[in-house]
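> Shown below is the structure under consideration.
Protein chains: 2
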Amino acid sequence: MPRTIPRVDGDRLLRRLLELGRIGAIEGTTGCCRLALTDADRDGRDLVRARMDELGLDVEVDGIGNVVATMPHPSGRAPVMTGSHIDTVATGGRYDGNLGVLAGLEVIETVMTEGIELARPLAVAWFTDEEGARFAPDMLGSLVYVGGMPIEEALQITDRDGASVGAELDRIGYRGTAPIPGRAPHAFVELHIEQGPVLEDAGLRIGAVEGVQGISWTELTLTGRSCHAGTTPMRLRRDPGVVASRVNLFVRELTGRLGGTQVGTCGVIAPTPNLVNVVPSTVTMTVDLRNTDDAVLTDAEDELAEFVARAAADEGVEVAARSLARFAPVEFDRRVVDLVATVADDHGLDHRRMPSGAGHDAQMFARICPTAMIFTPSVDGISHNVDELTHPADLEAGANVLLDVMLRLAETEFA
Amino acid sequence: MPRTIPRVDGDRLLRRLLELGRIGAIEGTTGCCRLALTDADRDGRDLVRARMDELGLDVEVDGIGNVVATMPHPSGRAPVMTGSHIDTVATGGRYDGNLGVLAGLEVIETVMTEGIELARPLAVAWFTDEEGARFAPDMLGSLVYVGGMPIEEALQITDRDGASVGAELDRIGYRGTAPIPGRAPHAFVELHIEQGPVLEDAGLRIGAVEGVQGISWTELTLTGRSCHAGTTPMRLRRDPGVVASRVNLFVRELTGRLGGTQVGTCGVIAPTPNLVNVVPSTVTMTVDLRNTDDAVLTDAEDELAEFVARAAADEGVEVAARSLARFAPVEFDRRVVDLVATVADDHGLDHRRMPSGAGHDAQMFARICPTAMIFTPSVDGISHNVDELTHPADLEAGANVLLDVMLRLAETEFA
Chain A
1 MPRTIPRVDG
11 DRLLRRLLEL
21 GRIGAIEGTT
31 GCCRLALTDA
41 DRDGRDLVRA
51 RMDELGLDVE
61 VDGIGNVVAT
71 MPHPSGRAPV
81 MTGSHIDTVA
91 TGGRYDGNLG
101 VLAGLEVIET
111 VMTEGIELAR
121 PLAVAWFTDE
131 EGARFAPDML
141 GSLVYVGGMP
151 IEEALQITDR
161 DGASVGAELD
171 RIGYRGTAPI
181 PGRAPHAFVE
191 LHIEQGPVLE
201 DAGLRIGAVE
211 GVQGISWTEL
221 TLTGRSCHAG
231 TTPMRLRRDP
241 GVVASRVNLF
251 VRELTGRLGG
261 TQVGTCGVIA
271 PTPNLVNVVP
281 STVTMTVDLR
291 NTDDAVLTDA
301 EDELAEFVAR
311 AAADEGVEVA
321 ARSLARFAPV
331 EFDRRVVDLV
341 ATVADDHGLD
351 HRRMPSGAGH
361 DAQMFARICP
371 TAMIFTPSVD
381 GISHNVDELT
391 HPADLEAGAN
401 VLLDVMLRLA
411 ETEFA
Chain B
1 MPRTIPRVDG
11 DRLLRRLLEL
21 GRIGAIEGTT
31 GCCRLALTDA
41 DRDGRDLVRA
51 RMDELGLDVE
61 VDGIGNVVAT
71 MPHPSGRAPV
81 MTGSHIDTVA
91 TGGRYDGNLG
101 VLAGLEVIET
111 VMTEGIELAR
121 PLAVAWFTDE
131 EGARFAPDML
141 GSLVYVGGMP
151 IEEALQITDR
161 DGASVGAELD
171 RIGYRGTAPI
181 PGRAPHAFVE
191 LHIEQGPVLE
201 DAGLRIGAVE
211 GVQGISWTEL
221 TLTGRSCHAG
231 TTPMRLRRDP
241 GVVASRVNLF
251 VRELTGRLGG
261 TQVGTCGVIA
271 PTPNLVNVVP
281 STVTMTVDLR
291 NTDDAVLTDA
301 EDELAEFVAR
311 AAADEGVEVA
321 ARSLARFAPV
331 EFDRRVVDLV
341 ATVADDHGLD
351 HRRMPSGAGH
361 DAQMFARICP
371 TAMIFTPSVD
381 GISHNVDELT
391 HPADLEAGAN
401 VLLDVMLRLA
411 ETEFA
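Protein chains in written order, with the numbering used here: chain A, 1 to 415; chain B, 1 to 415.
So this is what it looks like as structure tokens:
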């Protein structure tokens with residue numbers, strides 16, 4: 001293990017983030033719009049690929065448009081890989097995903113410039129359509145990379161306007177020939193902004209991400225009876241808005257009772273007709289439940305279903321429930337998580353072990369190799385927003401942790 | 001008082017309701033769209049006016065387009081007036097308003113056909129823009145008739161497309177010359193469908209309407225902090241949706257506690273951005289409170305304001321409250337209400353004294369003469385809907401009560 005720890009060039013990293021952020025920049029803001037496989041995404045890809053080529057990396061594009069750049073290395077061994085995404089949501093920031101890709105490039109440039117010799121190569125990748133903002137599901141490129149979806153199926157996915165992934169890849173020149181599924185790396189580690197307020201709130205610099213929370217999304221359609229708000233006595237009402245309100249407060253109460261990492265949110269509440277003097281006929285609402293413990297998450301789902309049935313019956317309201325998404329929690333490799341924590345300690349950076357509340361490409365790699373993630377703080381916890389910000393000192397600290405973790409992973413033989 | 005009670009022709013009344021309902025009919029339904037001062041409204045007006053002319057009534061149109069048709073009578077005394085409106089909401093039915101006008105015409109035709117001699121004339125009127133669905137406020141024509149708004153102000157009111165009441169009256173040929181404010185009738189009584197479920201639910205045929213509930217509409221804008229539903233721990237949330245839900249349940253609880261005629265409705269609940277995985281930044285909601293007792297209504301408003309402030313503070317959410325409407329309750333003339341109840345008894349019709357939950361033209365006349373209303377049942381309490389229905393037998397029974405009440409009012413001298 002290297003005793004003199006090499007350091008990335010923080011200014012160069014920040015310059016490159018700003019440079020990439022100018023492509024698809026949203027005027028009057030510091031935000032970006034580079035939806036997957038659009039012209040702006042192509043321009044962003046071309047820019048990052050040019051940097052990879054300048055460094056003399058071995059750049060491969062696969063059939064779903066994932067781009068993997070590997071350091072030349074005599075061994076031919078599986079690389080230590082890092083990576084993330086450069087697509088954004090429609091009103092995104094400069095850091096979500098982009099940081100992981102450009103910090104990975106910065107790590108490799110530093111290693112090459114310093115002439116550090118490693119037992120195996122390093123690689124940096126970006127994965128297509130991580131956001132899922134244009135083509136569902138999200139994390140599409142990494143899902144296909146690890147063999148979680150056949151490439152033929154992925155290429156046929158269409159956006160709202162009917163454009164397919166395959167056609168759009170051809171149009172922007174990013175349907176490559178590298179094999180799918182891709183080669184399993186020796187290990188995978190992803191640097192990402194937290195996108196939440198936990199680190200900032202606790203005054204910490206680094207999160208050693210232990211896994212990704214399980215997600216359960218349920219849509220409830222509550223049907224009562226529309227009536228006149230003035231002429232209908234209370235005892236004759238069947239108001240689905242009252243049921244929706246009870247469900248919202250139950251979700252809040254449930255999260256408090258389950259504690260731990262349990263979160264719960266009613267993000268959508270949509271009454272019809274939504275008029276001041278009409279009791280709604282229907283309310284559509286969503287419940288987003290997440291937990292790192294799948295058994296607890298399942299209990300939460302069961303409790304919710306029971307409560308909804310009871311509250312609806314109390315009001316004489318009909319319920320139709322539909323699962324919009326259900327992902328089991330992902331647990332990262334304990335050894336890689338430990339390594340992130342150790343490196344943060346060595347760098348004198350206050351840190352904590354924590355789950356990720358959002359999905360990331362790393363969770364796909366957890367299926368095929370030892371994997372973990374490094375979080376760096378988000379100012380005010382804001383992300384998927386043009387005001388997304390991570391302080392330059394945190395960007396640099398995160399990239400240095402990534403560098404050190406990758407160097408150590410390159411020297412680690414997993415049993 | 002006549003001992004042999006004359007009877008309206010129920011079939012003729014129903015025929016005329018269907019005839020008027022064909023103008024502006026909504027295809028594939030039994031509903032109507034005759035928004036105030038549109039071509040459809042003009043066609044409906046022309047039809048009813050032709051019937052008035054055929055009967056030889058003295059038809060006068062005033063400056064706001066109200067049409068009053070009075071029986072020829074040698075006395076020149078102030079008439080017993082009935083009336084309502086023939087404009088509809090965009091997805092209205094055939095009965096709301098129309099019944100009151102056509103039943104009034106039917107009453108007068110019956111009295112004239114039977115040659116009944118009265119101490120004073122009867123009159124039937126319709127009032128412009130009762131619904132307020134095109135021009136705010138609602139009950140505009142009757143408000144102007146009784147001197148509640150200067151005609152100059154009323155004529156300048158515009159719809160969403162910028163068309164003014166004055167210009168639209170000119171366009172459809174209904175800006176008349178009868179004086180504004182209009183002459184105070186001897187008494188006013190309006191027959192209207194209940195638009196609620198109370199009569200049907202209780203198995204009653206007639207409501208003797210004692211007054212109109214006071215109305216308080218409040219819009220609340222609750223501002224918290226938008227954040228990611230996955231990455232934000234519960235303790236760091238400021239969720240305006242949770243506050244909105246607490247307010248909705250408080251309103252329900254409040255109505256139960258206050259009892260009596262108190263009703264309360266949260267008809268609008270509109271979170272932003274209304275996405276499954278985002279805690280809303282703001283929720284706009286409305287609270288509609290109504291009571292026949294203004295003091296209780298004021299207490300309810302005060303309790304609501306206190307609760308909203310407390311619930312918002314608990315969650316760290318900001319509140320902006322705005323009054324959208326505030327009308328004091330209207331009390332009808334006890335003598336006229338008693339007369340409606342007596343006549344219903346005489347006709348062998350089960351009835352109850354009750355408030356109106358909705359506003360009606362009669363409440364304007366309560367300012368200038370002894371006034372009450374007669375309610376007839378609405379099937380399933382449905383109104384402002386293409387499925388609005390009142391059974392033919394109830395239409396006829398209501399018209400017969402109207403006839404008898406008007407005959408007796410014509411013989412009554414109020415102190």
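In this text, a Cβ means the ideal position worked out from N, Cα and C, and glycines have one as well.
Spell out the partners DSSP gives A/I206 in its beta bridges.
A/H351
> With H, G and I counted as helix, E and B as strand and the rest as coil, what does DSSP make of A/I269?
strand
> Let me confirm a value: B/F188 is counted as buried when at least 16 other C-beta atoms fall within 10 Å, else exposed. Which label applies?
buried
> Count the C-beta pairs between the region 287-298 of chain A and the region 208-222 of chain A that are closer than 8 Å, then say yes if the count reaches three, no if not.
Taking a contact to require three or more Cβ pairs closer than 8 Å, the region 287-298 of chain A and the region 208-222 of chain A qualify as touching.
> Can the beta-carbon of A/G22 be found less than 7 Å from the beta-carbon of A/I172?
The question names Gly, but residue 22 of chain A is Arg in the sequence shown. Not in contact: A/R22 and A/I172 (Cβ atoms no closer than 7 Å).
> I want to verify the contact list: residues of chain B whose CB lies under 7 Å from the CB of A/C266, in sequence order.
G241
> Can you give me, in chain order, the residues of the region 181-201 of chain B that have a beta carbon less than 8 Å from any beta carbon in chain C?
Reference to chain C is not applicable here, since the protein chains of this structure are A and B.
> With A/V59 and A/A69 assumed to form a contact (beta carbons below 8 Å), what rounded beta-carbon distance in angstroms separates them?
5 Å between Cβ atoms; contact.
> Among residues of its own chain, excluding the 5 on either side of A/G264, which ones have a beta-carbon nearer than 8 Å to its beta-carbon?
Sequence-distant Cβ neighbours of A/G264 in its own chain, meaning closer than 8 Å and more than five residues away, are V251, R252, L254, T255, V287, D288, L289, R290 and A300.
> For A/L35, tell me which candidate among A/V101, A/T91 and A/R120 has the shortest Cα-Cα distance.
A/T91
> Return the chain-ordered list of same chain residues with a C-beta closer than 7 Å to the C-beta of A/E396, the five sequence neighbours on each side being excluded.
V8, G10 and L13
> Please state whether the Cβ-Cβ distance between B/L275 and A/G97 is less than 7 Å.
no
> By alpha-carbon positions, which one of B/A229, B/A305, B/V144 and B/P72 ends up nearest to B/T221?
The option with the nearest alpha carbon to B/T221 is B/A305.
> Give a yes or no on contact between the region 187-205 of chain A and the region 395-414 of chain A, applying the rule of three or more CB pairs nearer than 8 Å.
yes
> Give me the Cβ distance between A/I108 and A/R45, rounded to the nearest whole Å; I'm assuming they're in contact under 8 Å.
Going by Cβ atoms, the distance from A/I108 to A/R45 rounds to 18 Å, so no, they are not a contact pair.
> Examine chain A for any beta-carbon lying closer than 7 Å to the beta-carbon of B/T231, and answer yes or no.
yes
> Where does A/G396 sit, in a helix, a strand or coil, going by DSSP?
In the sequence as displayed, the identity of residue 396 of chain A is Glu instead of Gly. Helix.
> Could you work out which residues of chain A lie near B/G381, taking near to mean beta carbons separated by less than 8 Å?
Simply C227, H228, T231, T232 and L236.
> Please state whether the Cβ-Cβ distance between A/T292 and A/G211 is less than 7 Å.
yes
> Going residue by residue through the region 64-88 of chain A, where are the continuous beta strand (DSSP E) segments of at least 3 residues, counting only ones entirely within it?
67-70 and 80-84
> Indicate whether B/T128 and B/G141 have their beta-carbon atoms separated by less than 7 Å.
yes
> I'd like to confirm the pairing. Which residues does DSSP put opposite A/D170 in its beta bridges?
Partner(s): none; A/D170 has no beta bridge.
> Check whether the Cβ of A/L99 lies closer than 7 Å to any Cβ atom in chain B.
no
> Using 10 angstroms around the beta-carbon of B/I5, count the other beta-carbons present and answer buried if the total reaches 16, otherwise exposed.
A residue is called buried when at least 16 other Cβ atoms come within 10 angstroms of its Cβ; B/I5 does not meet this threshold and is exposed.
> Assuming B/S281 and B/T223 make a contact with CB atoms under 8 Å, what is their CB distance in whole Å?
7 Å
> Taking C-beta pairs closer than 7 Å, name the residues in chain B that A/V124 reaches, listed in chain order.
Near A/V124 there are no residues of chain B at all, since even the closest Cβ is about 24 Å away, more than 7 Å.
> Find the nearest neighbour of B/P233 within the set A/P233, A/C227 and A/L258, judged by alpha-carbon distance.
A/L258
> Tell me which same chain residues have a C-beta within less than 6 Å of the C-beta of B/G65, skipping the five on either side of it?
Same-chain partners within the cutoff: T128, L169 and Y174.
> Rounded to a whole number of angstroms, what is the C-alpha to C-alpha distance between A/G417 and A/P181?
Residue 417 of chain A falls outside the range modelled here, since chain A spans only 1 to 415, and no answer is possible.
> Below 7 Å CB to CB, which residues in the same chain sit around B/M1 once its five sequence neighbours on both sides are set aside?
With a pLDDT of only 45 at B/M1, under the threshold of 50, the placement of this residue in the model should not be trusted, and no figure is reported.
> A/D417: buried (16+ other C-beta within 10 angstroms of its C-beta) or exposed?
Residue 417 of chain A is absent from the model: chain A starts at 1 and stops at 415.
> Determine the closest residue to A/V243 out of A/G230, A/A320, A/D201 and A/V296, with distance taken between C-alpha atoms.
A/A320
> With B/A321 as the anchor, note down where its alpha helix (DSSP H) starts and where it stops.
Premise fails: B/A321 lies in the beta strand (DSSP E), E318 to F327, not in any alpha helix (DSSP H).
> Using 8 Å as the cut-off, can you tell me whether the region 198-209 of chain B makes contact with the region 382-389 of chain B, which would need three or more C-beta pairs spanning the two stretches below that distance?
no
> If distances are taken between C-alpha atoms only, which option among B/M364, B/L349 and B/H228 comes closest to B/P377?
B/L349
> Could you check where the beta strand (DSSP E) with A/V386 kicks off and where it finishes?
Run containing A/V386: none; DSSP gives neither H nor E here.
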